[in-house]
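Enquirer: The structure's right below; bear with me while I get my questions together.
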Amino acid sequence: MKVLITGGAGYIGSTVASACEDAGHDVVILDDFSTGRREFVGERTLYEGDIADNELLDRLFSEHTVDAVVHCAAKIIVPESVDEPLSYYENNVAKTLTLLQAMQRGGVQRFLFSSSASIYAPDEHFIVTEASPLEPGSPYARTKYMVEMVMEDFAAASDVRMLSLRYFNPIGTDPKMRSGQQLEKPSHVLAKLLEAWVNKETFTVTGVNWPTRDGSGIRDFIHVWDLARAHVAALENFDKATADTNYDKFNIGTGNGVTVKELAAAFEEISGDPLQVEFGDSRPGDVAGVYTVSKKAHDVLGWEAQLSETDAVRDAIAWLPIRKAMLGY
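In case it helps, UniProt numbering puts the sequence shown at residues 1 to 329.
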(Lines of atoms letter the chains of each structure in order from A and count residues from 1; the text may use other names and numbers.)
(Lines give C-alpha, C1' and ligand atoms only; values in the text may rest on other atoms or scores of the structure.)
Protein backbone atom coordinates (compact mmCIF):
# COMPACT_ATOMS: atom_id res chain seq x y z
CA MET A 1 0.00 0.00 0.00
CA LYS A 2 1.27 3.49 -0.83
CA VAL A 3 0.38 5.95 1.92
CA LEU A 4 0.57 9.75 1.91
CA ILE A 5 1.16 11.14 5.41
CA THR A 6 0.49 14.85 5.85
CA GLY A 7 2.57 16.26 8.67
CA GLY A 8 4.80 13.23 8.23
CA ALA A 9 7.88 15.05 9.53
CA GLY A 10 6.27 15.75 12.89
CA TYR A 11 6.23 13.80 16.14
CA ILE A 12 3.24 11.59 15.42
CA GLY A 13 3.41 11.62 11.62
CA SER A 14 7.03 10.45 11.54
CA THR A 15 6.28 7.65 14.00
CA VAL A 16 3.32 6.56 11.88
CA ALA A 17 5.61 6.62 8.84
CA SER A 18 8.10 4.31 10.58
CA ALA A 19 5.35 1.92 11.63
CA CYS A 20 3.99 1.83 8.07
CA GLU A 21 7.41 1.09 6.63
CA ASP A 22 8.07 -1.59 9.25
CA ALA A 23 4.83 -3.23 8.07
CA GLY A 24 5.99 -3.14 4.44
CA HIS A 25 4.09 -0.12 3.16
CA ASP A 26 5.45 2.65 0.93
CA VAL A 27 5.35 6.15 2.44
CA VAL A 28 5.18 9.61 0.88
CA ILE A 29 5.56 12.64 3.15
CA LEU A 30 3.88 16.04 2.75
CA ASP A 31 5.09 18.63 5.27
CA ASP A 32 5.67 22.38 5.35
CA PHE A 33 8.20 22.08 8.22
CA SER A 34 6.40 24.63 10.35
CA THR A 35 7.00 22.19 13.23
CA GLY A 36 8.30 19.06 11.50
CA ARG A 37 11.98 18.09 11.21
CA ARG A 38 13.89 17.17 8.09
CA GLU A 39 15.87 14.67 10.15
CA PHE A 40 12.67 12.64 10.59
CA VAL A 41 12.04 12.30 6.86
CA GLY A 42 15.16 10.28 6.12
CA GLU A 43 15.11 8.69 2.67
CA ARG A 44 11.34 8.85 2.30
CA THR A 45 9.77 10.56 -0.68
CA LEU A 46 9.12 14.15 0.37
CA TYR A 47 6.87 16.88 -0.98
CA GLU A 48 7.58 20.11 0.86
CA GLY A 49 4.71 22.53 1.08
CA ASP A 50 1.27 23.36 2.38
CA ILE A 51 -1.62 20.90 2.48
CA ALA A 52 -3.76 23.56 0.79
CA ASP A 53 -1.41 24.09 -2.17
CA ASN A 54 -3.58 22.81 -5.01
CA GLU A 55 -0.78 22.80 -7.57
CA LEU A 56 1.46 20.77 -5.27
CA LEU A 57 -1.35 18.35 -4.37
CA ASP A 58 -2.33 17.76 -7.98
CA ARG A 59 1.31 17.09 -8.89
CA LEU A 60 1.72 14.70 -5.97
CA PHE A 61 -1.40 12.71 -6.85
CA SER A 62 -0.43 12.60 -10.53
CA GLU A 63 3.07 11.34 -9.72
CA HIS A 64 2.00 8.69 -7.18
CA THR A 65 -0.85 6.20 -7.05
CA VAL A 66 -1.79 6.87 -3.44
CA ASP A 67 -3.93 4.18 -1.81
CA ALA A 68 -4.69 6.16 1.36
CA VAL A 69 -4.08 9.55 2.94
CA VAL A 70 -3.20 9.73 6.64
CA HIS A 71 -3.93 13.29 7.70
CA CYS A 72 -1.76 14.23 10.70
CA ALA A 73 -1.00 17.86 9.79
CA ALA A 74 -2.65 20.26 12.25
CA LYS A 75 -2.12 22.95 14.83
CA ILE A 76 -2.51 21.29 18.22
CA ILE A 77 -1.79 23.71 21.10
CA VAL A 78 -5.00 24.20 23.09
CA PRO A 79 -4.20 27.52 24.84
CA GLU A 80 -2.91 28.93 21.54
CA SER A 81 -6.19 27.94 19.88
CA VAL A 82 -8.05 29.98 22.49
CA ASP A 83 -5.91 33.03 21.69
CA GLU A 84 -5.81 32.48 17.90
CA PRO A 85 -9.04 30.66 16.95
CA LEU A 86 -9.19 31.89 13.37
CA SER A 87 -5.75 30.50 12.54
CA TYR A 88 -6.85 27.13 13.94
CA TYR A 89 -10.05 27.07 11.91
CA GLU A 90 -8.15 28.10 8.79
CA ASN A 91 -5.35 25.58 9.23
CA ASN A 92 -7.24 22.61 10.64
CA VAL A 93 -10.59 22.92 8.88
CA ALA A 94 -10.36 25.06 5.74
CA LYS A 95 -7.09 23.52 4.55
CA THR A 96 -8.44 20.03 5.16
CA LEU A 97 -11.31 20.83 2.77
CA THR A 98 -8.76 21.72 0.08
CA LEU A 99 -6.92 18.45 0.73
CA LEU A 100 -10.14 16.46 0.40
CA GLN A 101 -11.00 18.20 -2.86
CA ALA A 102 -7.55 17.38 -4.23
CA MET A 103 -7.96 13.75 -3.14
CA GLN A 104 -11.24 13.58 -5.01
CA ARG A 105 -9.65 15.02 -8.16
CA GLY A 106 -6.81 12.52 -7.82
CA GLY A 107 -9.10 9.53 -7.33
CA VAL A 108 -7.87 8.70 -3.82
CA GLN A 109 -10.64 6.95 -1.92
CA ARG A 110 -9.27 6.26 1.59
CA PHE A 111 -8.83 9.01 4.20
CA LEU A 112 -7.56 8.33 7.73
CA PHE A 113 -7.92 11.31 10.06
CA SER A 114 -6.00 12.19 13.23
CA SER A 115 -8.84 13.26 15.49
CA SER A 116 -8.92 13.80 19.23
CA ALA A 117 -10.66 12.54 22.35
CA SER A 118 -10.94 16.20 23.39
CA ILE A 119 -14.20 16.33 21.44
CA TYR A 120 -15.98 14.20 24.07
CA ALA A 121 -18.24 15.38 26.88
CA PRO A 122 -17.02 13.34 29.86
CA ASP A 123 -19.50 11.65 32.17
CA GLU A 124 -19.14 11.70 35.93
CA HIS A 125 -16.66 8.80 35.74
CA PHE A 126 -14.62 10.37 32.88
CA ILE A 127 -15.24 7.27 30.74
CA VAL A 128 -16.18 7.47 27.06
CA THR A 129 -16.93 5.22 24.12
CA GLU A 130 -17.42 6.13 20.46
CA ALA A 131 -21.13 6.56 21.25
CA SER A 132 -20.58 9.08 24.06
CA PRO A 133 -21.91 12.65 23.71
CA LEU A 134 -19.58 15.18 22.09
CA GLU A 135 -18.80 18.56 23.62
CA PRO A 136 -15.46 19.95 22.38
CA GLY A 137 -14.11 22.38 24.96
CA SER A 138 -11.67 24.52 22.97
CA PRO A 139 -11.26 25.93 19.47
CA TYR A 140 -8.67 23.20 18.81
CA ALA A 141 -11.14 20.48 19.80
CA ARG A 142 -13.90 22.11 17.78
CA THR A 143 -11.72 22.02 14.66
CA LYS A 144 -11.41 18.25 15.05
CA TYR A 145 -15.16 17.93 15.59
CA MET A 146 -15.90 20.07 12.54
CA VAL A 147 -13.62 17.99 10.30
CA GLU A 148 -15.36 14.83 11.50
CA MET A 149 -18.73 16.33 10.52
CA VAL A 150 -17.32 17.22 7.10
CA MET A 151 -15.99 13.67 6.74
CA GLU A 152 -19.34 12.10 7.56
CA ASP A 153 -21.16 14.30 5.04
CA PHE A 154 -18.51 13.89 2.33
CA ALA A 155 -18.42 10.12 2.75
CA ALA A 156 -22.20 9.97 2.39
CA ALA A 157 -22.09 12.00 -0.82
CA SER A 158 -19.07 10.37 -2.52
CA ASP A 159 -17.11 7.18 -3.01
CA VAL A 160 -14.41 8.32 -0.59
CA ARG A 161 -14.25 6.17 2.53
CA MET A 162 -13.18 7.73 5.78
CA LEU A 163 -11.98 6.63 9.20
CA SER A 164 -11.33 8.87 12.18
CA LEU A 165 -8.93 7.82 14.93
CA ARG A 166 -9.76 9.70 18.10
CA TYR A 167 -6.41 9.94 19.89
CA PHE A 168 -6.26 10.14 23.63
CA ASN A 169 -2.92 11.41 25.01
CA PRO A 170 0.15 10.29 23.04
CA ILE A 171 3.42 10.21 24.98
CA GLY A 172 6.77 8.48 24.61
CA THR A 173 8.99 7.91 21.60
CA ASP A 174 9.54 5.43 18.80
CA PRO A 175 11.25 2.58 20.70
CA LYS A 176 13.87 2.38 17.91
CA MET A 177 14.65 6.07 18.52
CA ARG A 178 14.17 7.09 14.87
CA SER A 179 12.14 10.13 15.85
CA GLY A 180 10.47 11.63 18.90
CA GLN A 181 9.15 14.81 20.43
CA GLN A 182 10.68 17.52 18.25
CA LEU A 183 9.38 20.81 19.63
CA GLU A 184 11.82 22.86 21.68
CA LYS A 185 9.07 23.81 24.14
CA PRO A 186 6.30 21.18 23.86
CA SER A 187 3.24 21.74 26.00
CA HIS A 188 2.01 18.26 26.94
CA VAL A 189 2.43 16.94 30.45
CA LEU A 190 5.24 14.41 29.97
CA ALA A 191 7.31 16.99 28.10
CA LYS A 192 6.84 19.38 30.99
CA LEU A 193 7.92 16.66 33.42
CA LEU A 194 11.03 15.98 31.35
CA GLU A 195 11.84 19.68 31.13
CA ALA A 196 11.52 20.14 34.89
CA TRP A 197 13.62 17.04 35.55
CA VAL A 198 16.43 17.97 33.16
CA ASN A 199 16.63 21.59 34.30
CA LYS A 200 16.08 20.85 38.00
CA GLU A 201 13.04 23.11 37.91
CA THR A 202 9.60 22.92 39.47
CA PHE A 203 6.89 20.94 37.69
CA THR A 204 3.51 22.66 37.82
CA VAL A 205 0.34 20.59 37.88
CA THR A 206 -2.03 22.89 36.00
CA GLY A 207 -5.43 22.43 37.57
CA VAL A 208 -6.07 20.61 40.86
CA ASN A 209 -9.76 21.36 41.37
CA TRP A 210 -11.19 18.89 38.87
CA PRO A 211 -13.73 16.36 40.23
CA THR A 212 -11.23 13.48 39.85
CA ARG A 213 -9.88 11.16 42.53
CA ASP A 214 -6.98 13.51 43.37
CA GLY A 215 -8.14 16.81 41.85
CA SER A 216 -5.72 16.76 38.92
CA GLY A 217 -6.74 16.11 35.34
CA ILE A 218 -7.22 12.52 34.23
CA ARG A 219 -5.84 11.22 30.95
CA ASP A 220 -5.58 8.06 28.89
CA PHE A 221 -1.84 8.15 28.17
CA ILE A 222 -1.05 6.06 25.09
CA HIS A 223 2.44 5.24 23.92
CA VAL A 224 3.06 6.92 20.57
CA TRP A 225 4.24 3.61 19.10
CA ASP A 226 0.93 1.96 19.98
CA LEU A 227 -0.78 4.94 18.36
CA ALA A 228 1.33 4.46 15.22
CA ARG A 229 0.46 0.75 15.18
CA ALA A 230 -3.22 1.72 15.31
CA HIS A 231 -2.78 3.63 12.05
CA VAL A 232 -1.25 0.59 10.40
CA ALA A 233 -4.12 -1.57 11.67
CA ALA A 234 -6.65 0.92 10.32
CA LEU A 235 -4.95 1.07 6.93
CA GLU A 236 -4.68 -2.71 6.65
CA ASN A 237 -8.31 -3.20 7.71
CA PHE A 238 -9.72 -0.13 5.96
CA ASP A 239 -11.94 -2.01 3.55
CA LYS A 240 -13.27 -4.25 6.31
CA ALA A 241 -14.00 -1.25 8.55
CA THR A 242 -15.86 0.54 5.74
CA ALA A 243 -17.68 -2.48 4.32
CA ASP A 244 -21.05 -1.33 5.66
CA THR A 245 -20.44 2.41 5.98
CA ASN A 246 -18.24 4.96 4.26
CA TYR A 247 -17.41 6.65 7.58
CA ASP A 248 -16.53 5.34 11.02
CA LYS A 249 -14.57 6.38 14.10
CA PHE A 250 -12.41 4.60 16.65
CA ASN A 251 -11.09 5.50 20.07
CA ILE A 252 -7.36 4.88 20.31
CA GLY A 253 -6.40 4.64 23.97
CA THR A 254 -5.27 2.17 26.61
CA GLY A 255 -8.48 2.01 28.62
CA ASN A 256 -6.67 3.18 31.77
CA GLY A 257 -7.27 6.54 33.38
CA VAL A 258 -4.13 8.06 34.94
CA THR A 259 -4.14 11.43 36.69
CA VAL A 260 -1.43 14.02 36.22
CA LYS A 261 -0.34 13.59 39.83
CA GLU A 262 -0.09 9.83 39.29
CA LEU A 263 2.00 10.30 36.15
CA ALA A 264 4.34 12.61 38.07
CA ALA A 265 4.72 9.97 40.79
CA ALA A 266 5.44 7.30 38.16
CA PHE A 267 8.02 9.60 36.58
CA GLU A 268 9.79 10.01 39.92
CA GLU A 269 9.89 6.25 40.39
CA ILE A 270 11.28 5.56 36.91
CA SER A 271 13.82 8.40 36.90
CA GLY A 272 14.91 7.72 40.46
CA ASP A 273 14.87 11.44 41.24
CA PRO A 274 12.42 13.40 43.35
CA LEU A 275 10.56 16.18 41.58
CA GLN A 276 9.78 19.64 42.83
CA VAL A 277 6.02 19.88 42.31
CA GLU A 278 3.71 22.83 42.70
CA PHE A 279 0.02 23.29 41.91
CA GLY A 280 -1.40 25.97 39.65
CA ASP A 281 -4.54 27.03 37.84
CA SER A 282 -5.78 25.23 34.75
CA ARG A 283 -4.83 26.72 31.38
CA PRO A 284 -7.35 28.28 28.99
CA GLY A 285 -9.16 25.50 27.15
CA ASP A 286 -8.14 22.75 29.58
CA VAL A 287 -10.68 20.08 30.55
CA ALA A 288 -10.74 17.45 33.27
CA GLY A 289 -10.08 14.73 30.70
CA VAL A 290 -11.44 11.33 29.72
CA TYR A 291 -10.33 7.79 29.05
CA THR A 292 -11.86 5.12 26.86
CA VAL A 293 -13.31 1.73 27.77
CA SER A 294 -14.18 0.92 24.17
CA LYS A 295 -12.92 -2.26 22.49
CA LYS A 296 -14.15 -1.29 19.05
CA ALA A 297 -10.61 -0.86 17.67
CA HIS A 298 -9.78 -4.36 18.88
CA ASP A 299 -12.94 -5.94 17.51
CA VAL A 300 -12.85 -4.27 14.07
CA LEU A 301 -9.19 -3.42 13.47
CA GLY A 302 -7.52 -6.12 15.53
CA TRP A 303 -5.58 -3.49 17.50
CA GLU A 304 -4.99 -2.95 21.18
CA ALA A 305 -2.38 -1.10 23.21
CA GLN A 306 0.64 -3.19 24.19
CA LEU A 307 2.75 -0.62 26.03
CA SER A 308 2.13 1.24 29.29
CA GLU A 309 2.65 4.81 30.42
CA THR A 310 5.77 3.65 32.27
CA ASP A 311 7.15 2.27 28.99
CA ALA A 312 6.46 5.67 27.45
CA VAL A 313 8.28 7.49 30.25
CA ARG A 314 11.32 5.22 29.89
CA ASP A 315 11.42 5.71 26.13
CA ALA A 316 11.00 9.48 26.49
CA ILE A 317 13.93 9.63 28.90
CA ALA A 318 16.04 7.50 26.53
CA TRP A 319 15.21 9.92 23.68
CA LEU A 320 16.63 12.96 25.50
CA PRO A 321 20.34 12.54 24.62
CA ILE A 322 19.48 11.51 21.05
CA ARG A 323 17.19 14.52 20.73
CA LYS A 324 20.00 16.82 21.95
CA ALA A 325 22.50 15.31 19.51
CA MET A 326 20.03 15.35 16.60
CA LEU A 327 18.12 18.57 17.19
CA GLY A 328 20.49 20.55 19.39
CA TYR A 329 18.17 20.98 22.37
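Backbone N, C-alpha and C fix where the C-beta goes; we use that ideal spot for every residue, glycine too.
So is Thr65 buried or exposed if we call it buried at 16+ other beta carbons inside 10 Å?
Expert: The count along the sequence shown starts at 1 and reaches residue 65 at position 65. Result: exposed.
Enquirer: Name the DSSP bridge partner or partners of Lys2?
Expert: In the sequence shown, counting from the first residue as 1, residue 2 sits at position 2. DSSP output for Lys2 lists Asp26 as bridge partner(s).
Enquirer: Which class does Leu183 belong to by DSSP, given the choice of helix, strand or coil?
Expert: Taking the sequence shown and counting its residues from 1, the one referred to as residue 183 is at position 183. If DSSP states are grouped into helix, strand and coil, Leu183 belongs with coil.
Enquirer: Suppose the cutoff is 7 Å on Cβ atoms and the five residues either side in sequence are ignored; what does the same chain contact list for Gly215 look like?
Expert: Here residue 215 refers to the residue found at position 215 of the sequence shown. Val208, Asn209.
Enquirer: Under 6 Å from any heavy atom of the ligand MN, does the C-beta of Asn169 make it?
Expert: Of ligands this structure carries none, so the ligand MN is not represented either.
Enquirer: Name the residue from Val258, Gln182, Met162 whose alpha carbon lies nearest to the alpha carbon of Glu309.
Expert: Residue mapping note: residue 309 aligns to position 309 of the sequence shown, counting from 1. When only C-alpha atoms are compared, the closest one is Val258.
Enquirer: Please classify Glu278: does DSSP put it in a helix, a strand, or coil?
Expert: By one-based count along the sequence shown, residue 278 stands at place 278. Correct three-state label for Glu278: strand.
Enquirer: Does the Cβ-Cβ distance between Thr39 and Met326 come in under 7 Å?
Expert: Position 39 of the sequence shown, counted from the first residue, corresponds to residue 39. Position 326 of the sequence shown, counted from the first residue, corresponds to residue 326. Residue identity check: residue 39 is Glu in the sequence provided, not Thr. Yes, they are a contact pair.
Enquirer: Quick one, are the C-beta atoms of Asp67 and Gly49 less than 7 Å apart?
Expert: For this step, residue 67 is matched to residue 67 along the sequence shown. For this step, residue 49 is matched to residue 49 along the sequence shown. No.
Enquirer: Assign Arg105 to one of two classes, buried (16 or more other C-beta atoms within 10 Å of its C-beta) or exposed (fewer than that).
Expert: Looking up residue 105 in the sequence shown gives position 105. Counting Cβ neighbours within 10 Å, Arg105 comes out exposed, since fewer than 16 surround it.
Enquirer: Check for me: the alpha helix (DSSP H) holding Ala240 runs from which residue to which?
Expert: Indexing the sequence shown from 1 puts residue 240 at position 240. This sequence places Lys at residue 240; Ala is not what is there. 238 to 241 is the span of the alpha helix (DSSP H), which, as asked, contains Lys240.
Enquirer: With a Cβ-Cβ cutoff of 7 Å, do Glu278 and Thr204 count as a contact?
Expert: The residue labelled residue 278 in the question sits at position 278 within the sequence shown. The residue labelled residue 204 in the question sits at position 204 within the sequence shown. Contact flag set, yes.
Enquirer: When the distance is taken between beta carbons, is Gly272 closer than 7 Å to Gly217?
Expert: Residue 217 sits at position 217 when you count from the first residue of the sequence shown. Residue 272 sits at position 272 when you count from the first residue of the sequence shown. Taking 7 Å as the Cβ cut-off, Gly217 and Gly272 do not qualify as a contacting pair.
Enquirer: In chain order, what residues of the same chain lie with their CB nearer than 8 Å to the CB of Ala19, ignoring the 5 residues before and after it?
Expert: Locating residue 19 in the sequence shown gives position 19, where the first residue counts as 1. Closer than 8 Å at Cβ, skipping near neighbours: Trp225, Ala228, Arg229, His231, Val232.
Enquirer: Would Ser164 and Ser115 qualify as a contact pair, given that the criterion is a beta-carbon distance under 7 Å?
Expert: As a working note, residue 164 is residue 164 in the sequence shown. As a working note, residue 115 is residue 115 in the sequence shown. In contact: Ser164 and Ser115 (Cβ atoms closer than 7 Å).
Enquirer: In the DSSP assignment, find the alpha helix (DSSP H) that holds Leu273 and state where it starts and stops.
Expert: Your numbering for residue 273 matches position 273 in the sequence shown. It is worth fixing the name first, because residue 273 is Asp in this sequence and not Leu. First-last for Asp273: undefined, no H or E at that position.
Enquirer: Quick check on Asp248: does DSSP put it in helix, strand or coil?
Expert: By one-based count along the sequence shown, residue 248 stands at place 248. Of the three classes helix, strand and coil, the one that applies to Asp248 here is strand, per DSSP.
Enquirer: Which same chain residues, not among the five before or five after Leu301, have their C-beta less than 6 Å away from its C-beta?
Expert: By one-based count along the sequence shown, residue 301 stands at place 301. Ala233, Ala234, Asn237, listed in sequence order.
Enquirer: Relative to the alpha-carbon of Gly250, which residue among Phe267, Arg283, Asp299, Asp244 has its alpha-carbon at the smallest distance?
Expert: Position 250 of the sequence shown holds residue 250. It is Phe, not Gly, that sits at residue 250 in the sequence shown. Answer by Cα proximity: Asp299.
Enquirer: In this structure, how does DSSP classify Leu307 when only helix, strand and coil are distinguished?
Expert: Residue numbering aside, residue 307 sits at position 307 when the sequence shown is read from its first letter. Reduced to three states, the DSSP call for Leu307 is coil.
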